[in-house]
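Protein chains: 2
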Amino acid sequence: MDAELINPFIKSVENVITTMAGISMTMEKPSIKRDNRTWGEVSGIIGLAGNQATGNMILSFDQPSILAIVSGMLGESFTTIDAQVTDAVGELTNMVSGGAKGALSEKGYYFEMATPIILVGKDIEIKQLSKDPIVLVPFVTETGKFVLEASLTKD
Amino acid sequence: MDAELINPFIKSVENVITTMAGISMTMEKPSIKRDNRTWGEVSGIIGLAGNQATGNMILSFDQPSILAIVSGMLGESFTTIDAQVTDAVGELTNMVSGGAKGALSEKGYYFEMATPIILVGKDIEIKQLSKDPIVLVPFVTETGKFVLEASLTKD
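Chain order of the listed sequences is A and B. Counted from 1, the first sequence has number 142 at position 142 by our numbering; the numbering is strictly sequential. Counted from 1, the second sequence has number 1141 at position 141 by our numbering; the numbering is strictly sequential.
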C-alpha cells in the first residue's frame, strides 16, 4: 500500500481523536501486519469500496486507550467496554475513514464506506481475502495504545 | 430491510453454493438477528457501499456445512477449517454478494463491494453501527447449517 494512500488515514486518526476526545498521541513506526489476529480488546472495521480503490480499515484499541478516548468524547467516565463504548468505536471508525475518504477523493481515489462493524475480543482469528499487505500503524496515548490497520488496493 | 433487497441475496446464496459446490439446500424461515454474536464456526463478512444502499453481508457456517461445501468446490476432502477453507469462505462471500449486487443494480440499488474479511470462531461478540435490523436467513444442507445475515440500508 502506497504512502500516498496510507498517509490520509494517519492524518485522519490524529485529527479525529484529538478533536473528538481532546487526547494527543504519538505515532510509532508502521509495519506490515504479520498475524491473523485482532490486536486490541475492541476493534472497529469498515469496508471501503469504489471503482478506484477497495479494502478495509480497522481501528483496534487496548482497553485503557479506548476508555480514555470515549470518556473524553462523551464527557463522562467509562470503566468497561459497554454498548456505549462499542457504539463510540463504530462512530470513530466512521469518522476516521470519512476523513481519509475526503482527502483521497481529492487525489483521484474515490470510494464509498460500508456500515461499521465492531468486534469485541483480543486475538480473534481474522483475515482479509487480499494478497496486498495490511499496513499496521501503532499510536500511543497517555493511557494506552491503539493501532490503525489499513488495506486499500488500487483497482 | 425490504424483501426487495433481501431476495437477491437469498437467490445468490442458492445459486452460488449449488453451482460451485454441487450442494443443495433448504431455506428455513428468516428472522431478525437478536444477539450480537457470530452464529457459526467461520464467517465471511463483506462491506457493501454505494450512494443508494449501504450495509454488510455475512455468511456464517457451522463446521460440517463448510467442510462439505469447500470439499465440493475444490474437489478434495477437507476435515478442518484451515487456510484453504477460510480463503474459500472469502471467495464464496465475494461471489454471493456479487450476484446480489448485479440483481440489485438492475432494480436501481447500486453499490460496490469491499474486500471480504474472514472470522474464525463461534459466539464472537460482533455488532453493526446501524439502527436497521439485520435479517438472518438459515439454510440447511445435508451435512449442516449456515446462515446469511444481510443488512442493507437505502440511503
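Where a beta carbon is used, it is the ideal one built from N, C-alpha and C, also for glycine. All of these numbers come straight from a predicted model, not from anything done at the bench.
For Glu-1091(B), the neighbours in chain A by C-beta distance under 8 Å run, in chain order, Leu-129. Nearest CB-CB separation between Ala-1103(B) and chain A: not below the 8 Å threshold. Between Leu-1136(B) and chain A, the shortest Cβ-Cβ separation is not below 8 Å. When DSSP states are grouped into helix, strand and coil, Leu-1152(B) belongs to the strand group.
Listed by position along chain A, the residues whose Cβ is nearer than 8 Å to that of Pro-1116(B) are Gln-128 and Leu-129. Residues of chain A with a Cβ closer than 8 Å to the Cβ of Ala-1049(B) are, in chain order, Gly-47, Leu-48, Ala-49, Gly-50, Phe-111, Glu-112, Met-113 and Ala-114. Against Asn-1015(B), chain A offers no close residue; the least beta-carbon distance is about 20 Å (beta-carbon pairs closer than 9 Å). Taking 8 Å as the CB threshold, Val-1120(B) lines the interface with chain A. Interface with chain B (8 Å Cβ-Cβ cutoff): Glu-125(A) is included.
For the pair Phe-61(A) and Ile-81(A), the Cα-to-Cα distance works out to about 11 Å. Between Ile-1118(B) and Lys-131(A), the C-beta spacing is not below 8 Å. Inter-residue distance for Glu-1112(B) and Ser-1097(B) is about 10 Å (C-alpha atoms, whole angstroms). Within chain A, the residues whose beta carbon sits less than 8 Å from that of Gly-1055(B) are Ala-114 and Thr-115, listed in sequence order. Only buried fits Thr-1115(B), as 16 or more other CB atoms lie within 10 angstroms of its CB.
Taking C-beta separations shorter than 6 Å and ignoring five residues to either side along the sequence, the partners of Gly-144(A) in its chain run Asp-62, Pro-64 and Ser-65, following chain order.
Pairwise C-beta distances place the segment 1016-1029 of chain B in contact with the segment 1133-1141 of chain B, as three or more of them are shorter than 8 Å. Cα atoms of Leu-67(A) and Lys-1107(B): separation of roughly 44 Å, rounded to the nearest angstrom. A Cβ-Cβ separation of about 7 Å places Ile-1032(B) in contact with Val-1135(B) under the 8 Å criterion. Secondary structure at Gly-72(A): helix, using DSSP grouped into helix, strand and coil. Residue range 3-21 is occupied by the alpha helix (DSSP H) that includes Phe-9(A).
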